[in-house]
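Visitor: Under the UniProt record's numbering, the first residue of the sequence shown carries the number 1, and numbering increases by one thereafter. Where a beta carbon is used, it is the ideal one built from N, C-alpha and C, also for glycine. Before we start, here is the structure in question, set down as structure tokens.
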Amino acid sequence: MNILTFDIEEWFHILDNASTRTEAEWGQYETRIYRNMDRIFQLLDETNSRATFFCLGWVADKHPDVIRRIDAAGYEVATHSYAHQLAYEQTPAEFQDDLARSIKHLQDLTGKRIRSYRAPGFSVKAYNRWVFPILLEQGIEIDCSVFSARRAHGGDASMALFEPGLLNIDGTLLKEFPINTTGILGQDLIFSGGGYFRLLPYHAIRELTRRSPYVMTYFHPRDFDADQPMIPGLSRARQFKSYYGLKGCWPKLKQLLTEFPFIDLAEADRRVDWSRVPKREVLRT
């Protein structure tokens, strides 16, 4: 099962960086989302691929036609928060307000209920699993925030979930589609999105995709924008993580969608036998 998803945000929505931290800074940057979305729509049409789009409420607010176009083309719209803040830096009340604001903007534009969520930066750790009951309270049925490996802005290796599963929160179940990993030489390797996809050569991505029974991708419009300016204030390490491989990412994605079939999250939900998946108990904290 190969699932195709895009996190719809602007090129300057880089986390944990002073010059791009909040809405107050975003107004100084040019808009590039339209040209980047045009390419994505064209590629999906050419390869007959389905995808789920995790959209920022901020994008829905500032560029509502982007969301309307996604919906009008028949693609699934999900939420990626409103203001693209790290969940573990928010209080539960701030997280809930941000999520509710995002859901309202997206539902108002599409006229459809928002069922699925992904945290910015996969920023759910062991100590902020309180996000899960809040998701349920806001009507979210499917989460895609679990990243069972170490990473800069998130990751909860203790969750140990690498395939679709159920999170049990006080008897209420939340469907989870985590990021998949592949074990190589004792290490958990991620290959299916973001900087990992840009870093790896295509032959490795092809082989890892071929042998993985479950693949959850995550791409951003900026991943395919080789001409985007350099964000000020980034360290050399962050520059590498954010800009390396931009020129080669587009042809790799095109080849991947040509060689492998991909479905959206809604279709994946229908295909999973939820009576047979692993379960994880999540305590309210």
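#1: Pick from Val124, Arg101 and Ile70: whose alpha carbon is nearest that of Ala83?
#2: On the CB-based measure, 16 or more other CB atoms within 10 Å of its CB, does Leu167 come out buried or exposed?
#3: Measuring CB atoms only, is the segment 193-203 touching the segment 238-247, in the sense that at least three cross pairs come out at less than 8 Å?
#4: Once you ignore the five residues that flank Thr181 on each side, which residues in its own chain have a CB closer than 8 Å to its CB?
#5: Compute the Euclidean distance between the alpha carbons of Leu200 and Leu99, then round it to the nearest angstrom.
#6: In angstroms with no decimal places, state the Cα-to-Cα distance between Val272 and Pro213.
#7: What whole-angstrom Cβ distance do Asp227 and Trp11 have, given they're in contact under 8 Å?
#8: To the nearest angstrom, how far is the alpha carbon of Val277 from that of Gly233?
#9: For the 8 Å Cβ check, are there 3 or more pairs between the segment 39-56 and the segment 23-30?
#10: Round the Cβ separation of Arg50 and Ala78 to the nearest angstrom and send it over; I've been treating them as touching at under 8 Å.
#11: According to DSSP, is Ile231 part of a helix, a strand, or is it coil?
#12: Would you give the residue range spanned by the alpha helix (DSSP H) that Val66 belongs to?
#13: Can you list, in chain order, the stretches of the beta strand (DSSP E) that have 3 or more residues and sit fully within the segment 177-233?
#14: Can you say whether Lys252 is buried or exposed, counting buried as having 16 or more other CB atoms within 10 angstroms of its CB?
Guide: Walking through what the data contain:
#1: Arg101
#2: buried
#3: Segments in contact, yes.
#4: Closer than 8 Å at Cβ, skipping near neighbours: Ser148, Ala149, Phe162, Asp188, Leu189 and Ile190.
#5: 33 Å
#6: 12 Å
#7: With a Cβ gap of about 10 Å, Asp227 and Trp11 do not count as contacting.
#8: About 44 Å.
#9: Taking one beta carbon from each stretch, the segment 39-56 and the segment 23-30 have fewer than 3 pairs nearer than 8 Å; the two do not touch.
#10: In fact, because the Cβ distance is near 13 Å, the residues do not count as touching under 8 Å.
#11: coil
#12: Pro64 to Ala72
#13: 182-184 and 187-189
#14: buried
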